[in-house]
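Engineer: Before we start, here is the structure in question, set down as structure tokens.
Number of protein chains: 2
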Amino acid sequence: MFLRNTYKVLFSKNKKIYKSIKNIFGFYPGNVFLYKLALRHKSATRKKLNGVKVNNERLEFLGDALIGAIVADFLFRKYPFESEGFLTDMRSKIVSRSALNKLSLKLGLNSHIVAGNEQGKNARSAGGDAFEAFIGALYLDKGYNFTKHILVNRIIKLHLDMEVLESIEVNYKSKIVEWSQKNKITASFDVIDEIGKKFQKQYEVGVFVDGKEIARARDYSIRGAEKIAAEKAWHILSENDDEN
Amino acid sequence: MFLRNTYKVLFSKNKKIYKSIKNIFGFYPGNVFLYKLALRHKSATRKKLNGVKVNNERLEFLGDALIGAIVADFLFRKYPFESEGFLTDMRSKIVSRSALNKLSLKLGLNSHIVAGNEQGKNARSAGGDAFEAFIGALYLDKGYNFTKHILVNRIIKLHLDMEVLESIEVNYKSKIVEWSQKNKITASFDVIDEIGKKFQKQYEVGVFVDGKEIARARDYSIRGAEKIAAEKAWHILSENDDEN
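Protein chains in written order, with this note's numbering: chain A, 20 to 263; chain B, 20 to 263.
Right, here's the structure in full:
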């Protein structure tokens with residue numbers, strides 16, 4: 020195994036990519052063509068005779084799903100006493116497009132992306148897409164358990180700070196707005212009272228869903244009151260949503 | 020192994036659940052308590068001293084992610100020449116809440132759900148939730164490869180008809196509406212021309228995004244023209260979205 024890998028690395032025309040993957044992720048690829056495909060941005064699509072487009076989009080679809088599962092498993096075990104709402108929020112923070120773009124940059128994956136033009140090279144999400152596709156390639160090449168090992172031990176544990184992620188605040192107001200749009204229900208945040216005067220002044224904000232008040236909160240700023248009310252309302256909505 | 024399982028089944032107070040799982044899915048559980056937890060609906064939540072809620076919600080979070088990954092893998096291999104858009108649509112059809120609710124009913128999983136009250140027992144999504152949680156339990160109990168084997172060979176291949184799923188039409192108009200709401204961009208479908216008279220009459224419908232026409236199509240009904248125009252527009256939006 021060792022000899023075969025050394026041979027591949029020293030004499031392959033893909034020497035550079037073998038060494039880069041070993042350096043970044045700590046393993047030698049089996050089928051190097053999968054990883055090369057993962058790094059082919061859609062701006063560098065090659066068309067086959069049967070009309071099939073050759074780029075990293077299919078691998079991105081696969082990798083995205085695998086990352087979702089592996090991160091879910093990681094969080095499930097790391098936080099045995101937390102609710103599924105907490106786990107969902109933490110996963111969103113880890114796998115958000117901007118988080119994956121940053122990760123790709125930090126790992127040095129970006130410099131290996133093959134793009135067809137400047138626009139593709141500079142596309143905002145090219146890094147995150149390539150990272151996802153890379154995980155898809157790794158999964159096809161080495162299977163689930165190895166992929167999980169690399170993603171958890173070489174990437175998440177080395178490059179993400181869970182305590183920092185925990186402390187990032189969830190924007191409950193936009194969660195409610197998104198939820199209401201998705202379910203075609205009206206939701207609004209209205210100031211329903213002002214208490215005290217001048218520097219003592221507090222605002223009372225209510226959250227109205229379908230015209231009905233479901234939560235309210237008071238704070239020295241409208242924004243502050245909205246934030247507290249939104250979090251209360253979100254928990255109430257989540258409870259009800261599950262029961263339907 | 021066989022003896023141990025037989026012993027467990029014959030003498031366990033959980034005999035019924037052992038036998039049900041064997042009958043439905045074709046395997047004996049290792050840790051039966053995981054599966055019992057998977058079937059505990061949130062209406063039957065038990066609270067522990069430390070405030071932790073004991074029900075199937077955490078397992079549902081895990082199972083949902085695992086189903087997403089396994090179905091992605093299954094589709095990736097089954098349709099080697101289809102685009103990631105096709106794979107995404109097919110997966111949505113397989114893992115939609117209503118599809119999973121039906122599956123749970125068909126498998127007979129519903130009758131094993133432990134609910135705390137009538138409302139919980141009849142909750143619309145209790146079946147799909149329990150199915151997801153069950154897959155989460157299976158994954159913790161037996162690992163990824165075994166879970167994939169059961170989900171693909173005992174569930175997808177036996178209970179889902181891929182040809183029927185392929186033929187279910189995707190509603191591109193609502194995809195565009197959702198997309199526009201999510202991104203806070205206006206999108207509208209307007210009749211821009213009527214061609215011919217009476218039975219020959221055709222409608223030309225345009226799709227306008229941010230006030231700009233991005234696609235148009237003609238058909239004998241407004242609804243028909245909207246449908247064709249929406250599909251065109253969706254592909255154009257997807258292309259642009261990826262490049263940003």
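Every residue, glycine too, gets a C-beta built ideally from N, C-alpha and C. Since the model is a prediction, treat every value here as computed from it, not as a measurement.
Helix, strand or coil: how does DSSP classify S31(B) here?
Structural biologist: Coil, per DSSP.
Engineer: Should the region 101-111 of chain A be regarded as contacting the region 76-85 of chain B, the criterion being three or more beta carbon pairs within less than 8 Å?
Structural biologist: yes
Engineer: Please classify D180(A): is it buried, with 16 or more other beta-carbons within 10 angstroms of its beta-carbon, or exposed?
Structural biologist: exposed
Engineer: Hey, would you say A152(B) sits closer than 8 Å to N50(B), going by beta carbons?
Structural biologist: no
Engineer: Taking 8 Å as the CB-CB cut-off, is S117(B) touching chain A?
Structural biologist: no
Engineer: In angstroms, rounded to a whole number, what distance separates the CA positions of E223(B) and G243(B)?
Structural biologist: 10 Å
Engineer: Buried or exposed, going by whether 16 or more other CB atoms sit within 10 Å of the CB of V226(A)?
Structural biologist: Residue environment analysis places V226(A) among the buried positions, since at least 16 neighbouring C-beta atoms fall within 10 angstroms of its C-beta.
Engineer: With distance defined between alpha-carbon atoms, name the residue in L184(A), S207(A), E182(A) and D238(A) nearest to S193(A).
Structural biologist: Ranking L184(A), S207(A), E182(A) and D238(A) by Cα distance to S193(A) puts S207(A) first.
Engineer: I need the DSSP call for E188(B), collapsed to helix, strand or coil.
Structural biologist: coil
Engineer: Indicate whether at least one CB of chain A lies closer than 8 Å to the CB of G87(B).
Structural biologist: yes
Engineer: Less than 8 Å between the CB atoms is what I'm expecting for I36(A) and K55(A), so what's the real figure, rounded?
Structural biologist: 6 Å
Engineer: By the DSSP assignment, the beta strand (DSSP E) with A234(B) in it spans what residues?
Structural biologist: Start and end: K231 to D238.
Engineer: At a Cβ threshold of 8 Å, is R77(B) touching chain A?
Structural biologist: yes
Engineer: Could you tell me which residues DSSP puts in a beta bridge with V228(B)?
Structural biologist: A206(B) and K231(B)
Engineer: Rounding to the nearest angstrom, what Cα-Cα distance links S31(A) and K38(A) in this structure?
Structural biologist: When rounded, the distance between both Cα atoms is 11 Å.
Engineer: Which chain A residues are close to V71(B), counting only those with a beta carbon under 8 Å from its beta carbon?
Structural biologist: F100
Engineer: Take every Cβ of the region 163-176 of chain A, pair it with every Cβ of the region 134-143 of chain A, and state whether three or more of those distances are shorter than 8 Å.
Structural biologist: no
Engineer: Name, please, each residue of chain A whose Cβ falls closer than 7 Å to the Cβ of A91(B).
Structural biologist: F80, L81 and A84
Engineer: Three-state secondary structure (DSSP) at K246(A)?
Structural biologist: helix
Engineer: Fully enclosed by the region 73-114 of chain B, which alpha helix (DSSP H) runs are 4 residues long or longer?
Structural biologist: 76-97 and 103-114
Engineer: Just tell me which of Y163(B), S144(B) and D229(B) has its CA closest to the CA of Q200(B).
Structural biologist: D229(B)
Engineer: Using only the alpha-carbon positions, how far apart do R116(B) and Y191(B) sit?
Structural biologist: 19 Å
Engineer: I want to verify the contact list: residues of chain B whose CB lies under 8 Å from the CB of Y54(A), in sequence order.
Structural biologist: None at all; the shortest Cβ gap to chain B is about 16 Å.
Engineer: Kindly indicate the opening and closing residues of the alpha helix (DSSP H) around L53(B).
Structural biologist: Judged by DSSP secondary structure, L53(B) falls within the alpha helix (DSSP H) whose first and last residues are V51 to A57.
Engineer: Applying the 10 Å Cβ sphere with the 16-neighbour rule, what's the burial state of F95(A)?
Structural biologist: buried
Engineer: Taking only beta-carbon positions, decide if T107(A) is within less than 8 Å of chain B.
Structural biologist: yes
Engineer: For G45(A), count neighbouring Cβ atoms within 10 angstroms of its own Cβ and tell me buried if that reaches 16, exposed if not.
Structural biologist: exposed
Engineer: What do you get for R65(A), buried or exposed, if any count of 16 or more other CB atoms within 10 angstroms of its CB means buried?
Structural biologist: exposed
Engineer: Can you grab the Cα-Cα spacing for the pair N33(A) / P48(A), in whole Å?
Structural biologist: Rounded to the nearest angstrom, the two C-alpha atoms are 11 Å apart.
Engineer: Taking the C-alpha atoms as reference points, what is the distance between A156(A) and A57(A)?
Structural biologist: 6 Å
Engineer: Interface residues of chain A around F150(B) at Cβ under 8 Å?
Structural biologist: Residues of chain A passing the Cβ test: none, with the nearest at roughly 15 Å.
Engineer: Would you kindly report the start and end of the unbroken alpha helix (DSSP H) that includes G139(B)?
Structural biologist: E137 to K140
Engineer: Name the two residues that bound the continuous alpha helix (DSSP H) containing D160(B).
Structural biologist: A145 to K161
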